[in-house]
Amino acid sequence: MPYLKSKHLTTNSKRRNEESDKANRKLIYIGGEIRFQSEQYLEDYIEAYFDTIFPELVLIKRQYSLKMQRCDLLCCRKLDKQAVIIELKNEEDRGLVSQLLRYRKIILQNQSFADVIDYSLPIKLIAIAPTFHEDNYTDKEASKFEDDIYFWEFHVEYETTGAKFQLEGKNYDILYPVFGLPGSLQNEDLQSTVLPAFTHNFKSKLPVDTHQNFRIIRELFMAQPKIDEVNNIK
Numbered sequence: 042m043p044y045l046k047s048k049h050l051t052t053n054s055k056r057r058n059e060e061s062d063k064a065n066r067k068l069i070y071i072g073g074e075i076r077f078q079s080e081q082y083l084e085d086y087i088e089a090y091f092d093t094i095f096p097e098l099v100l101i102k103r104q105y106s107l108k109m110q111r112c113d114l115l116c117c118r119k120l121d122k123q124a125v126i127i128e129l130k131n132e133e134d135r136g137l138v139s140q141l142l143r144y145r146k147i148i149l150q151n152q153s154f155a156d157v158i159d160y161s162l163p164i165k166l167i168a169i170a171p172t173f174h175e176d177n178y179t180d181k182e183a184s185k186f187e188d189d190i191y192f193w194e195f196h197v198e199y200e201t202t203g204a205k206f207q208l209e210g211k212n213y214d215i216l217y218p219v220f221g222l223p224g225s226l227q228n229e230d231l232q233s234t235v236l237p238a239f240t241h242n243f244k245s246k247l248p249v250d251t252h253q254n255f256r257i258i259r260e261l262f263m264a265q266p267k268i269d270e271v272n273n274i275k
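Each residue of the sequence shown is one higher than the last, beginning at 42 in the working numbering.
So this is what it looks like as structure tokens:
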């Protein structure tokens, strides 16, 4: 086989992909701000530190799908089992309110996870993003569920001890390296990341004298927002 395909992935290849996914998670410095490289990495971080960031909540399901709708985090309060839907955005999004209300309706109609959620209580809707468009506030005011909708801004700051995730007046450590930070040696750290199985296989087919250029080009692409690396070919 000339190149690796998904049907040929071995146990070791799948393990390499998992190791690569963890090793390649990063923050990027762009436009004078530090951001997660992708919304998936933001979700990964929130899920990993969920109990620390939201000690009053229980995470029931991440990426919960129901009738063509999919909410990022379906949760409930530990105290009274009130349902809480959290939508995460890595950038400003004008359609947040309608998105949250669709999730609310479909979950309420289906009484999802009724054994751990008390549907006699209103569903709390939380949007977490770095900024909110003015349309979000207009849509919230126009909604009859205005009192159940919350907008929480997050920020990522870099200190001498590393990156910090700031939310609701509290700081949390982010262990991801920062790519492109002025005056930082973090970029050198990214060169040693584990390649996914497909990328590793693809690189092995290239002439040895092109490997350095391939690594440089890959790093330039991977330093951009919303870039995902292909793990395999179907």
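Each residue gets a CB set at the ideal place from its N, CA and C atoms; glycine is no exception.
- Between the segment 81-95 and the segment 205-222, the count of Cβ pairs shorter than 8 Å is three or higher; the stretches touch.
- With a cutoff of 8 Å on beta-carbon distance, V219 and I101 are scored as not near each other.
- Burial state of Y82 is buried, judged by a 10 Å Cβ sphere holding 16 or more other Cβ atoms.
- Boundaries of the beta strand (DSSP E) around D214: K211 to I215.
- Within the same chain, Cβ atoms closer than 6 Å to the Cβ of E133 are found at T172 and H174, the five residues on either side in sequence being excluded.
- Residue environment: D189 is assigned as buried (16 or more neighbouring CB atoms within 10 Å of its CB, all protein chains considered).
- For A155, no beta strand (DSSP E) segment is defined, and its DSSP state is neither H nor E.
- At a Cβ-Cβ threshold of 8 Å, I164 and I127 do not count as neighbours.
- Taking the Cα positions, F192 is about 20 Å away from I148.
- Y191 carries a strand assignment under DSSP once its states are collapsed to helix, strand and coil.
- Per DSSP, E97 lies in no beta strand (DSSP E) segment and is marked neither H nor E.
- Taken atom to atom, the span from the alpha-carbon of L162 to that of D113 is near 21 Å.
- With a threshold of 16 other beta carbon atoms within 10 Å, N151 falls short and is exposed.
- Taking a C-beta distance under 8 Å as the contact criterion, L120 and I169 do not qualify as a contact pair.
- Non-local beta-carbon contacts of Q78 in its own chain, meaning distances under 6 Å to residues more than five positions away in sequence, involve K67 and I69 in chain order.
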